[in-house]
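Heads up: the sequence shown is residues -21 to -1, 1 to 111, going by mature numbering (1 follows the signal peptide of the UniProt record, and there is no 0).
Here a beta-carbon is modelled for each residue, glycine too, at the ideal position from N, C-alpha and C.
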Amino acid sequence: MIRRSALSVIASLALSGGAAAQPIDLSACQFLTAHRPAPGVEYTPGVDVKGKAVAPADLPGSAGAAPPLERFDIPVTVDFARRMGFPVPQGGAAPGVEVGYLTWYANRLYFNGQPIGAPSEAEVYAYCRTAR
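If you want it as structure tokens, here you go:
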């Protein structure tokens, strides 16, 4: 049930279309999905794109300024659910009331603490890839 709800939220996001209909900031996609490079595009120290030897670019202390985030939460509110087309009873909770969370943790996506399975993750990757 929870997985189906999260899948519906993500599928609705993917199908919603225009920028005015997008309920979340698309920059969140960088935290929701792990990078999956295409085959053969990984960095190889000391080799350029044509396979020729060059001086390596990975210098000591150049790993970056900020440590990576371990966890990232996106609140799902009544208003968010309403915009996604879920039936929300009139006179129920106020629009800003949180009903759940999408959480990125350890390179996995969760809805209210329940992992979203591989088919749902594939839809999230597809949405974030096409939403740029």
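Distance between residue j and residue i (C-alpha atoms, nearest Å)
{"i": "G96", "j": "F51", "result": "18 angstroms"}
{"i": "A72", "j": "N86", "result": "32 angstroms"}
{"i": "residue 118", "j": "Y84", "result": "With the chain represented from -21 up to 111, any question about residue 118 goes unanswered, as that position is not in the structure."}
{"i": "T82", "j": "Y22", "result": "29 angstroms"}
{"i": "L48", "j": "P66", "result": "34 angstroms"}
{"i": "A34", "j": "I53", "result": "42 angstroms"}
{"i": "K29", "j": "P46", "result": "32 angstroms"}
Same chain, Cβ closer than 7 angstroms to residue i, neighbours up to 5 away in sequence not counted
{"i": "P68", "result": "none"}
{"i": "P32", "result": "One point to set straight first is that residue 32 is Ala, not Pro, in the sequence displayed. Here the set comprises G25, V26."}
{"i": "V78", "result": "V55, T56, V57, A60"}
{"i": "Y89", "result": "T82, I95"}
{"i": "T109", "result": "none"}
{"i": "V76", "result": "T56, V57"}
{"i": "Y80", "result": "D52, I53, P54, V55, N91"}
Terminal residues of the alpha helix (DSSP H) in which residue i lies
{"i": "D58", "result": "57 to 62"}
Own chain residues within Cβ distance below 8 angstroms of residue i, not counting five before or after
{"i": "P74", "result": "T56, V57, D58, R61"}
{"i": "R15", "result": "Y104"}
Near the ligand SAH: residue i beta-carbon under 7 angstroms from a heavy atom
{"i": "A105", "result": "Judged by which ligands are present, the structure shown has none, so any question about the ligand SAH falls away."}
6 angstroms Cβ shell around residue i - same chain, five flanking residues per side excluded
{"i": "A101", "result": "none"}
{"i": "M(-21)", "result": "The pLDDT assigned to M(-21) is 44, lower than 50, so where the model puts this residue is not dependable, and the model offers no usable value."}
Start and end residues, beta strand (DSSP E) containing residue i
{"i": "T82", "result": "77 to 84"}
{"i": "R87", "result": "87 to 90"}
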